[in-house]
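Chemist: Provided herewith is a single structure, encoded as structure tokens, for subsequent inquiry.
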Amino acid sequence: MNSKPPHGSAEWQRIRRDNHKEVEKRRRESINQGIQELATLIPTSDTNKAQILQRAVNFIKRLKENETNNIEKWTLEKLITEQAVSELSASNEKLKQELERAYREIEHWKRLAEGKDEKQ
Numbered sequence: 001m002n003s004k005p006p007h008g009s010a011e012w013q014r015i016r017r018d019n020h021k022e023v024e025k026r027r028r029e030s031i032n033q034g035i036q037e038l039a040t041l042i043p044t045s046d047t048n049k050a051q052i053l054q055r056a057v058n059f060i061k062r063l064k065e066n067e068t069n070n071i072e073k074w075t076l077e078k079l080i081t082e083q084a085v086s087e088l089s090a091s092n093e094k095l096k097q098e099l100e101r102a103y104r105e106i107e108h109w110k111r112l113a114e115g116k117d118e119k120q
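Structural data, given as structure tokens:
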């Protein structure tokens, strides 16, 4: 048995219209839920949907601008830090060489002193 009304009949059109209304209602509810969720994420007390959306757009633009500024700032800080590390590494290497030279000089003077002590 076919429980569907004949295609194009008044009953068929009513069912089709009711189905469309239900789909449209769920779509609106989903949009409204999304707008309400946006309202909780942005600094606003507005309940007007258009205002919530506009403030969300402005808020996202500010966030993206802040992100760009932070990336520029962090890139500069990274370059400065890398330069400082490079300079400190070079300075450290120079100090190591001076220390090695000082140890060699100490050893040289020790040998000279030991040699004089043996002669006396």
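Per full-length UniProt numbering, residue 1 is the first one in the sequence shown, and the count goes up by one each step.
From the three backbone atoms N, C-alpha and C, an ideal C-beta is built for every residue, glycine too.
Using three-state DSSP, classify G8 as helix, strand or coil.
Modeler: As a first step, residue 8 must be located in the sequence shown, where it is residue number 8. Note: G8 maps to coil in three-state DSSP.
Chemist: Tell me whether the beta-carbon of I71 lies closer than 8 Å to the beta-carbon of I52.
Modeler: Along the sequence shown, read from residue 1 onward, the residue named residue 71 stands at position 71. Along the sequence shown, read from residue 1 onward, the residue named residue 52 stands at position 52. No; because the gap between Cβ atoms is not below 8 Å, this pair is not in contact.
Chemist: Can you give me the C-alpha to C-alpha distance between N69 and S89, rounded to a whole angstrom?
Modeler: Within the sequence shown, residue 69 is the residue found at index 69, counting from 1. Within the sequence shown, residue 89 is the residue found at index 89, counting from 1. Taking the straight line from one Cα to the other gives about 30 Å.
Chemist: Between the alpha carbons of R16 and G8, how many angstroms are there, rounded?
Modeler: Position 16 of the sequence shown, counted from the first residue, corresponds to residue 16. Position 8 of the sequence shown, counted from the first residue, corresponds to residue 8. One C-alpha to the other measures close to 10 Å.
Chemist: Taking Cβ to Cβ, would you say T44 is nearer than 8 Å to R28?
Modeler: On the sequence shown, position 44 is the one that residue 44 refers to. On the sequence shown, position 28 is the one that residue 28 refers to. No, the Cβ-Cβ distance between T44 and R28 is not below 8 Å.
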